[in-house]
Amino acid sequence: MNEDDVTAPDRLRWWLSLLETTEADELDCEAVFDLLENAVEAVNAGEDIAQLFPAVALHLHHCPSCQDLFDTLVALAGSPTA
Ligand SMILES: [Zn+2]
């Protein structure tokens, strides 16, 4: 009777269900737009948005107009403003 034997698989199942939810509940353009600024900052900081904002990365994959906007913002944020 070890409690860890019960909780560990439960945690794994919960974690997996979280991943499934993220994939199923794809963000719409408006929600992505709210996160885009953070995602742009992350990219320019050398972070991987697929890891930090998986839902955003997923949407960008499917939505050319948001991808386009994202690319533009990354380019703007990345270029030094002197
Ligand atoms: Zn979109």
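Our numbering numbers the first residue of the sequence shown as 6 and each following residue consecutively. Using N, Cα and C, we set each Cβ at its ideal position, and we do this for glycine too.
Item to complete: Identify whether D33 lies in helix, strand or coil by the three-state DSSP scheme.
Response: coil
Fill in: For L65 and F38, the rounded distance between their alpha carbons
11 Å
Discussion item. Under DSSP, the alpha helix (DSSP H) around C71 begins and ends at which residues?
Written reply: P69 to G83
Fill in: Closer than 7 Å: P45 CB and nearest ligand 1 heavy atom
Checking the sequence, you will find Val at residue 45 rather than Pro. No, since every heavy atom of ligand 1 falls outside the 7 Å radius drawn around the Cβ of V45.
Worksheet entry | Where F38 sits in the DSSP three-state scheme | helix
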